[in-house]
Amino acid sequence: MSVRQEPYQGGKELTVLKEHKMHKSFGGTFSMQFNFDGSTLAVGFGSGGIQLFDGRTGEMSRELRACRQGGSSIMCIRWHPKEPHLLYAADTEGHIFVYNSETGELVSTITEQGNEINTIDFCVDGFNFATGGRDLNIRVYETKNNMLLKTFEGFNEKTVVTEKSRMGNTMRVFCIKFHPNNQFVFISGGWDNHIKIWDTRDNNGIKRNIWGPHLCGDALDMKDNSILSGQWTALHSLQEYDYTSGKVVREIKYPNKDGAFLYAAQYLNTELVLAGGSGTNKAEIIDIKTSQNIGTYQLAGPVHCVDSADQGRVLAAGGIAPTFAILNLGN
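Structure below.
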């Protein structure tokens, strides 16, 4: 699938390309990401399985890792930005599995002892990636040999902090997102109600904090000077922050009656966002400026993960229910 470079001009019709119904032993869908041309969707399951699906037909193309009873959930999946055949997948037992998607070979396994890894992300030039999870630490690796470069420790009772603004994570980390134009800068969020801004060139790592969002999933994204945040809260769940000032510049209304409680959120393009959670069990496409609902996909349980490619023309959504879908958004 080739990537269209022109801006997406307001798609209005959401259709289901393929719905996949899984056995309950799969444990639901916890992570997903399209590769960079949208031709392949990688999906991680609650019982440790990883499968690849054709973005054009929706059919499964390869199983990289089988599901197993009692397996550890694949919490985050990321394609290498410069080596498009490499897929990184992190689980709740502290492993990062590196697969060659073309051959199915497990190339490498990285282990963070005692950690549950909830999130990984690559910098824009592909030379580094960062991880975060239960142990509060942010780790930065180089991608040539997958070696650990730096560990930015979380805050605990033994930590000496002279400036609160330079305090590390105090609770679990659920999302890391690198700056789209700066290979050294990334943001993170989790249970401690802050968006933290980091710089890998700094010995302490953290540069400043933006107070506000309570995050429980892959619910941060960046575009230009804006940060999109999807909070696990009833109200004010979908917001845009100004990266420089740290202030909320836009409230995007998420359609709900009893609270949104979002687990996942991302920009589709300059006009639309995609978000979902446990409040409505729906993945919603929403116009950023008007908060108009553009499209909805209903699941039978909480939405844990969403992704998109090709300026929002191809999408996917999944969660705790034994179903996930690949979707198309047309004009």
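Taking the UniProt record's numbering, the leading residue of the sequence shown gets 1, the next gets one more, and so forth. All C-beta atoms in this analysis are idealised placements derived from N, C-alpha and C, irrespective of residue type, glycine included.
Does residue i come out as helix, strand or coil in the three-state DSSP assignment?
i: Phe26; result: helix
i: Gly312; result: helix
i: Phe261; result: coil
i: Asn281; result: coil
i: Met147; result: coil
i: Ser245; result: coil
i: Gln292; result: coil
i: Asn118; result: strand
i: Tyr254; result: coil
i: Leu14; result: strand
i: Gly330; result: strand
Taking buried to mean at least 16 other C-beta atoms within 10 Å of its own C-beta, is residue i buried or exposed?
i: Leu136; result: buried
i: Gln113; result: exposed
i: His20; result: buried
i: Asp307; result: buried
i: Trp79; result: buried
i: Gln266; result: buried
i: Pro7; result: Bear in mind that a pLDDT of 48 at Pro7, under 50, signals an unreliable position, so the number given afterwards is only what the model happens to contain. Exposed, by the Cβ-count rule.
i: Leu315; result: buried
i: Ser101; result: buried
i: Met147; result: exposed
Based on DSSP bridge pairs, tell me the residues matched to residue i.
i: residue 408; result: Nothing in the structure corresponds to residue 408, since the chain is present only between 1 and 331.
i: His20; result: Phe324
i: Phe155; result: Beta-bridge pairing links Phe155 to no other residue.
i: Gln266; result: Leu274
i: Asp287; result: Leu272
i: Trp211; result: His194
i: Gln298; result: Lys282
i: Gly230; result: Leu238
Could you spell out where the beta strand (DSSP E) holding residue i opens and where it closes?
i: Cys76; result: Ile74 to Trp79
i: Tyr241; result: Leu238 to Asp242
i: Phe129; result: Asn128 to Gly133
i: Asp224; result: Note, Asp224: premise wrong, no beta strand (DSSP E); not H, not E.
i: Val140; result: Ile138 to Glu142
Query raised in the report: In chain order, which beta strand (DSSP E) runs of at least 3 residues are fully inside the UniProt repeat "WD" (166 to 208)?
Result: 173 to 178, 185 to 190 and 194 to 199
Requested in this report: Write down every uninterrupted run of the beta strand (DSSP E) in the region 30 to 116 whose length is 3 residues or greater and which is fully enclosed by it, in chain order.
Outcome: 40 to 45, 50 to 54, 60 to 65, 74 to 79, 86 to 91, 95 to 100 and 106 to 111
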